[in-house]
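Colleague: Let me begin by handing over the structure; questions about it come next.
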Amino acid sequence: MLAIALPRRMVLNRSHIPWAVFVALVTAASALLYLANVHPDMLLPFQVKLPKFFGAVPPPRNTVGGTPLGLVFGIVSLAIFLFAAALGIRKKQRTWLSLGNVQWWLKAHIWLTILTLPFVGFHCDFKSGGPMTTTLVVLYAIVMVSGFVGIGLQQFMPKMMTQRLNREVVYEQIPFVREKLVQKAEALWQELAPASKRRAVLVGQKVPAAGGPPVEEDTSPHIVGEFLHDECFPYLRAKRGDRHRFSDSKAAEDTFRLLRKQVTEKWREKVDCMFQWCDDRRLLDEQTRLHHWLHAWLLVHVPLSFALLVLTIWHGYIALLYL
Amino acid sequence: MAGPNRTQKEIAQSYRGNLAYLRKFHAFRTLRTVVFLLVVVASIGAAVGYRWFGHKEFFSTGPISANHAKFANRCEVCHDDADPDLAKALRLPGAAQASKEKISELAKLAKLTSGDSATEPPDAPAGHGRFDLGSPDELLASMGTLSKYDAACIKCHEPYQLHQPAATALLLREFYNEIGLVHAGSCSTCHKEHDGPGKMKLPPSNNCRSCHNDPKKLAEGLVLLKTAARQASPAGEVRTFKDTTRSDGVRRFIPPRAAPHQPVAFDSFATNHPPFGYEQANLLDPAHIKYNHSRHRQTEVVGANHEQQIDCIQCHKLGPDGIFMQRVDFNNDCRRCHSLTFDPEVPEMEIPHGRPEDVRGFLRSLATNYLNIGRDKRHLPNDQLEGFVRGRLDDLTKQLQPFINSNVNAAVALERRIFYVGDTTATQRITTKSNTTQSFPACAKCHTIPETSPGVLPVVTPTNISDRWLTRGPFTHAPHLHMLCYDCHAAALGSTKTSDILMPAKALCADCHRPLKQKPEDPAVAARPLAEKNAQLVAQQRKEGGITAECQDCHGKFHAPAGAAVYARQVK
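Protein chains in written order, with the working numbering: chain C, 1 to 323; chain P, 1001 to 1572.
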């Protein structure tokens, strides 16, 4: 019902309702089978007669996973793991449209893996078992939790990014864009301080005009140059901008407002450019930070999912070997 | 100071010169790839390489029991026929045929041959044939698709095909002309391994309940055999078990049993488990001894120390193992009060307790016995010995004078007084109040001795006291030491007849041996039973229940011994 209230732009929206209903129905049906087969006492006073395929009721051994029903749950779970892993391949193969679009694959990825929660529980009778199966359960728990964290982040972070980042760039272009900001700043620096005058500008000396009395010269270039050199360059060139005062937008805004007041009208355009470069840099940093939050869970989820897949296949082989 | 907004087109223009960015190094993307590859290599490496460097215990589904602990890291000992077969695991049709083929292979593996320990009895009735209780073919056929486990079991352990509820049931075949057999099925169905450290757990009651609580399964699985045995008396009887030809010496009460036997489905001991055999209506204790429990509890009847009222434990003593009560023995338990002295003037001299022949022998050499007493115990000088002996014999003759006639001489009169009447000073009584100061009350006071003609040696009817009342399951007094005897045997307090069966009813046992219904703050079941009496704990246990009542607690020795066979005729 929660999904009904959600707007369409979110990851979980109305289009997920059929999936949720499907998962709920399959869970209920499999729970009924599980209880009828493994814990018939819990279904009293109802009696569910199971076909012979299911074997003795309740299973005579402790290994519920080794019963026909337990194996079915295990095999289906493994199949879902394989399908879930195939999402990565489907994303790369954009021409496989006949297999459904990526959005459908993502929904199936989410809801079928949620379905493995009851299936895995029924398969192992909600016990962790020995060292190997305990390892599997722990891995499975980490993968599932990281997956839910991912769903949560994907649900809310994009909206947050839209609000905070009005000039979002391609993530991989960030280092290039940052470099370009530095280059622009260096170009201004070249413009402000030609090689012959750079030192004088830096010490604030007044250079008399040839053949005339000293005039009150415009100090704006000196101020802008000094600001560019002492404030902008360290920020734009910094490996991590979050420790600089311009990483605080309010502080940056106040500083540049003061600077604008100290320079003449014709230099204010340069100040605005500098402000935009710093603002761009701050947004790029913010985007990097949010991007890491948005995708860092994949550092856990994807590799451990593969490890889970390998261990599950290994577990299946060993179980069949000793069954 | 608001920052300028730019269009995506303007932003995109800033990428100019860097359109091949995806081919360039990027820290985050590279980290993701490296971590992924590391985990892939590690997980595949672990799966493939584990066999060379890992411990096989890693695959164990749980700690192995102490019984098999030495195989903990040698899976192949039990799982030697490792063969991943999904079709078989899922019981698909194709695998069933393979399973049948496997059975014959297993027979060879287990080196099973038909048992030949039982030979046909010379008086085997016509129509009766031999039934092997460990037939390998049927044993393996019953294992079904789970034979791999069982093949491992029977490599070391004896194989069993059928189960009687305890091997003791087979011993009962001498008293019942019908034996019910049920297929034992697969070993691992009941004996679960990888279920925790310590001794391998006994099969849980759930296993038993899966059949015993299902009338249909019970009826389907039961194989009834008719033997040539004499059916136990409808009144019950006391017999000893025989292992081939030798009696085990333990007298058991064998209750009557209806034939054909109708197995009763039940859920648990506390609910609808059948009553004990001795609870059947109109059964009497078949012991031939005259004993009045109520009389012995009366206050004027004091114990051997002349101070305390007699308590149960003065006669009923636990054996050294603390499990069963020892047999009440005349010399150890009765003699302290019931002396065998028959001459008040010579209390040192006692009639031997035992066979009537010994008593007659003792009486017929009375002069010698007096002489021995005078010489060895009273240390009389030689010149007084003859007078002592003659004096005692003359006194006895005088006392017996009223009973001597032409048919009965003094020796016969004395013997009849000793066996039937008692105290030579009394005239008519059969019994007498007995204590250490009284003369002999006659053997017939306690024993059943049919009347015989004068001169004929009386025959004492065997006491026939039962040592055990529960034949199908062991009972132990050890965990019940915190209880008073009459907590369970309350009927003894008011019992005046030997024929009263003083054993507790099943329902009384179920007062404590039932599931804990409501868990109180400090449940009695958590309290460790003590050796000291604890009436409060007993009362609480009876109120709350919760004391274990697993089938195996009473019905151990589930399997018939390997090679056991019976000659019988199958009726079902």
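Note that beta-carbon positions come from the ideal geometry of N, C-alpha and C, so glycine has one too.
If you run the structure through DSSP and keep just helix, strand and coil, what is residue 1178 of chain P?
Modeller: The answer is strand: DSSP assigns residue 1178 of chain P an E or B state.
Colleague: In chain order, which continuous runs of the alpha helix (DSSP H) of length 4 or greater are located wholly inside the segment 1291-1359 of chain P?
Modeller: Fully enclosed alpha helix (DSSP H) runs of 4 or longer: 1293-1296.
Colleague: Mapping the DSSP letters down to three states, classify residue 1533 of chain P as helix, strand or coil.
Modeller: Reduced to three states, the DSSP call for residue 1533 of chain P is coil.
Colleague: Taking its Cβ as the centre, do 16 or more other Cβ atoms sit within 10 Å of residue 169 of chain C, making it buried, or is it exposed?
Modeller: Buried.
Colleague: Which residues in chain C have a C-beta closer than 8 Å to the C-beta of residue 1031 of chain P? List them in chain order.
Modeller: Chain C residues near residue 1031 of chain P: 299.
Colleague: Using C-beta distances below 6 Å, list every residue in its chain close to residue 64 of chain C, excluding the 5 sequence neighbours before and after it, in chain order.
Modeller: For residue 64 of chain C, where only same-chain residues beyond five positions count, the Cβ hits under 6 Å are 38, 70 and 125.
Colleague: Does any CB atom of chain C fall closer than 7 Å to the CB of residue 1041 of chain P?
Modeller: Residue 1041 of chain P does not count as touching chain C.
Colleague: For residue 1035 of chain P, decide whether its Cβ has a neighbour in chain C, counting only Cβ atoms nearer than 7 Å.
Modeller: Yes - at least one Cβ of chain C is within 7 Å of the one on residue 1035 of chain P.
Colleague: Please state whether the Cβ-Cβ distance between residue 1537 of chain P and residue 1549 of chain P is less than 7 Å.
Modeller: Taking 7 Å as the Cβ cut-off, residue 1537 of chain P and residue 1549 of chain P do not qualify as a contacting pair.
Colleague: Which chain C residues sit within Cβ distance under 8 Å of residue 1018 of chain P?
Modeller: Here the neighbours are 173 and 176.
Colleague: Provide the residue(s) that pair with residue 1247 of chain P in DSSP beta bridges, ordered along the chain.
Modeller: According to DSSP, residue 1247 of chain P bridges with P/1242.
Colleague: Quick one: list the residues of chain C neighbouring residue 1011 of chain P, beta-carbon separation under 7 Å, in chain order.
Modeller: Chain C residues near residue 1011 of chain P: 167 and 169.
Colleague: Return the CA-CA distance between residue 1493 of chain P and residue 1386 of chain P, expressed in angstroms with no decimal places.
Modeller: In a straight line, the C-alpha of residue 1493 of chain P is about 51 Å away from that of residue 1386 of chain P.
Colleague: Residues of chain P with CB under 7 Å from residue 129 of chain C, in chain order?
Modeller: Chain P residues near residue 129 of chain C: 1061 and 1062.
Colleague: Measure the C-alpha to C-alpha separation of residue 135 of chain C and residue 1194 of chain P and round it to an integer number of angstroms.
Modeller: So the alpha carbons of these two residues sit roughly 17 Å apart.
Colleague: Under 7 Å, Cβ to Cβ, is there at least one residue of chain P near residue 307 of chain C?
Modeller: At least one chain P Cβ lies under 7 Å of residue 307 of chain C.
Colleague: Rounded to whole angstroms, what is the Cα-Cα separation between residue 1204 of chain P and residue 159 of chain C?
Modeller: Approximately 58 Å between the Cα atoms of the pair.
Colleague: For chain P, find out if any of its Cβ atoms is closer than 7 Å to the Cβ of residue 161 of chain C; answer yes or no.
Modeller: Chain P, which has no Cβ nearer than 7 Å to the Cβ of residue 161 of chain C, makes this no.
Colleague: So residue 185 of chain C packs on residue 267 of chain C, CB below 8 Å; how close in whole Å?
Modeller: Incorrect: roughly 15 Å between the Cβ atoms, too far for contact.
Colleague: Just the C-alpha distance for residue 1020 of chain P and residue 225 of chain C, rounded to the nearest angstrom, thanks.
Modeller: Rounded to the nearest angstrom, the two C-alpha atoms are 35 Å apart.
Colleague: Going by beta carbon distance, what residues of the same chain come within less than 8 Å of residue 1465 of chain P, once the five residues before and after it are set aside?
Modeller: Within the same chain, residue 1465 of chain P has close Cβ partners 1238, 1251, 1287, 1289, 1327 and 1328.
Colleague: State the Cα-Cα distance for the pair residue 308 of chain C and residue 1509 of chain P, rounded to the nearest angstrom.
Modeller: In a straight line, the C-alpha of residue 308 of chain C is about 52 Å away from that of residue 1509 of chain P.
Colleague: Checking 7 Å against the spacing of the C-beta atoms, do residue 1182 of chain P and residue 1224 of chain P come in under that value?
Modeller: For residue 1182 of chain P and residue 1224 of chain P, no; Cβs fall outside 7 Å.
Colleague: Using a C-beta cutoff of 7 Å, does residue 9 of chain C count as contacting chain P?
Modeller: Residue confidence is low: residue 9 of chain C scores 49 on pLDDT, short of 50, so the model does not pin down where it sits. Its coordinate-derived value is still stated next. For residue 9 of chain C, the answer is no, since every Cβ of chain P falls outside 7 Å of its Cβ.
Colleague: Note down, in chain order, all residues in the segment 267-290 of chain C with a beta-carbon under 7 Å from any beta-carbon belonging to chain P.
Modeller: Hits within the stretch, in order: 275, 276 and 279.
Colleague: List, from N- to C-terminal side, the alpha helix (DSSP H) runs of 4 residues or more that fit wholly inside the segment 222-251 of chain C.
Modeller: DSSP runs (the alpha helix (DSSP H)) wholly in the segment 222-251 of chain C: 233-237.
Colleague: Would you mind working out which of C/47, C/49 and C/140 sits nearest residue 80 of chain C, comparing C-alpha positions?
Modeller: If we check each option's Cα against that of residue 80 of chain C, C/140 comes out closest.
Colleague: Is there contact here, the segment 111-131 of chain C with the segment 268-275 of chain C, by at least three beta-carbon pairs under 8 Å?
Modeller: At 8 Å Cβ cutoff, the stretches do not touch.
Colleague: Between the C-alpha atoms of residue 1540 of chain P and residue 1524 of chain P, what's the straight-line distance to the nearest angstrom?
Modeller: Taking the straight line from one Cα to the other gives about 6 Å.
Colleague: Going by the CB atoms, is the gap between residue 1454 of chain P and residue 1409 of chain P shorter than 7 Å?
Modeller: Taking 7 Å as the Cβ cut-off, residue 1409 of chain P and residue 1454 of chain P do not qualify as a contacting pair.
Colleague: Hey, residue 1270 of chain P and residue 1514 of chain P are a contact pair by Cβ (cut 8 Å); roughly how many whole angstroms apart?
Modeller: That belief holds up - the Cβ atoms of residue 1270 of chain P and residue 1514 of chain P are roughly 3 Å apart, short of 8 Å.
Colleague: Does residue 145 of chain C come within less than 7 Å of chain P when only Cβ atoms are used?
Modeller: It does not: the Cβ of residue 145 of chain C has no partner Cβ on chain P nearer than 7 Å.
Colleague: Does DSSP put residue 1253 of chain P in a helix, a strand or coil?
Modeller: Strand at residue 1253 of chain P.
Colleague: Rounded to the nearest angstrom, what separates residue 107 of chain C and residue 143 of chain C at their Cα positions?
Modeller: When rounded, the distance between both Cα atoms is 17 Å.
Colleague: Could you check how far apart the C-beta atoms of residue 1201 of chain P and residue 1192 of chain P are, in whole angstroms? I think they sit under 8 Å.
Modeller: Confirmed, about 7 Å.
Colleague: Applying the criterion that 16 or more other CB atoms from any shown protein chain within 10 Å of the CB defines a buried residue, is residue 1394 of chain P buried or exposed?
Modeller: Exposed, by the Cβ-count rule.
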